[in-house]
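What follows is a single structure, written as structure tokens, with notes after it.
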DNA sequence: GCCAACGTTGGC
DNA sequence: GCCAACGTTGGC
């Protein structure tokens with residue numbers, strides 16, 4: 346059992362969209378490190394902090410869980426998609442996605458609030474220059490954040 | 001819209 | 001295999 350923070354742009358898929366849809370395929374990851382987390386380390390039931398990025402109020406907006414193990418991201422094969430990858434083939438797909446299931450919408454735990462807790466100072470998301478859209482969360486960080494949100 | 005940070009690409 | 005150029009991310 347692992348824990349993750351996954352960034353999504355609420356203009357694309359926000360926590361309300363996830364709640365409405367129940368679960369979503371986490372399409373569009375085009376970074377090898379993030380892909381490898383999904384492909385190699387995610388397990389069914391892993392806890393996910395659903396994070397809103399590139400928006401007026403960036404921060405954790407809800408909780409989710411991994412509901413399907415990694416499988417090929419269909420958008421890589423779709424020439425109409427902005428995530429189309431001409432170098433990828435169905436036989437040897439380059440990009441993977443998992444499904445993520447809605448668990449709860451929470452209050453917005455804003456980025457500037459996250460920065461205020463010394464318990465969270467080690468979080469990858471808070472490190473300078475971090476751009477990874479999927480990052481591991483330690484059990485201690487997960488517990489601390491869950492306590493803040495419930 | 002700016003720009004720092006960082007990943008990827010491609011010529012050599 | 002190096003590394004400059006380029007593209008993207010994402011907070012501000």
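In the working numbering, the protein residues as written are 346 to 495. Positions of the beta carbon are idealized from the N, C-alpha and C atoms, including for glycine. Since we're looking at a predicted model, the values are computed, not measured.
Minimum length 4: unbroken alpha helix (DSSP H) runs contained in the segment 375–447: Every unbroken stretch of the alpha helix (DSSP H) spanning 4 or more residues and falling wholly within the segment 375–447 is given here in chain order: 377–381.
Three-way DSSP call (helix, strand, coil) for residue 466 in this model: In the structure shown, residue 466 falls within a coil segment according to DSSP collapsed to helix, strand and coil.
For residue 378 and residue 393, the rounded distance between their alpha carbons: When rounded, the distance between both Cα atoms is 17 Å.
Length of the line joining the Cα atoms of residue 434 and residue 420: Cα to Cα, the separation comes out at about 12 Å.
Contact belief for residue 480 with residue 470 at Cβ below 8 Å, rounded distance in angstroms: Residue 470 and residue 480 do touch by the CB rule: their CB atoms are close to 6 Å apart, below 8 Å.
For residue 351, the first and last residue of its enclosing beta strand (DSSP E): 348–353 is the extent of the beta strand (DSSP E) around residue 351.
Member of 347, 370, 375 and 355 whose CA lies at the smallest distance from the CA of residue 427: Out of 347, 370, 375 and 355, 375 has the C-alpha closest to the C-alpha of residue 427.
Distance between residue 353 and residue 488 (C-alpha atoms, nearest Å): Our two residues, residue 488 and residue 353, have alpha carbons roughly 22 Å apart in a direct line.
With 16 other Cβ atoms within 10 Å as the buried cut-off, status of residue 468: It is buried - the Cβ of residue 468 has at least 16 other Cβ atoms within 10 Å.
Secondary structure of residue 477, DSSP reduced to three states: In the three-state reduction of the DSSP assignment, residue 477 falls in the coil class.
Residue 358 versus residue 463 - alpha carbon distance: Rounded to the nearest whole angstrom, the CA to CA distance from residue 358 to residue 463 is 30 Å.
Closest by C-alpha distance to residue 416, when choosing among 406, 443, 430 and 405: Among 406, 443, 430 and 405, the Cα nearest to that of residue 416 belongs to 443.
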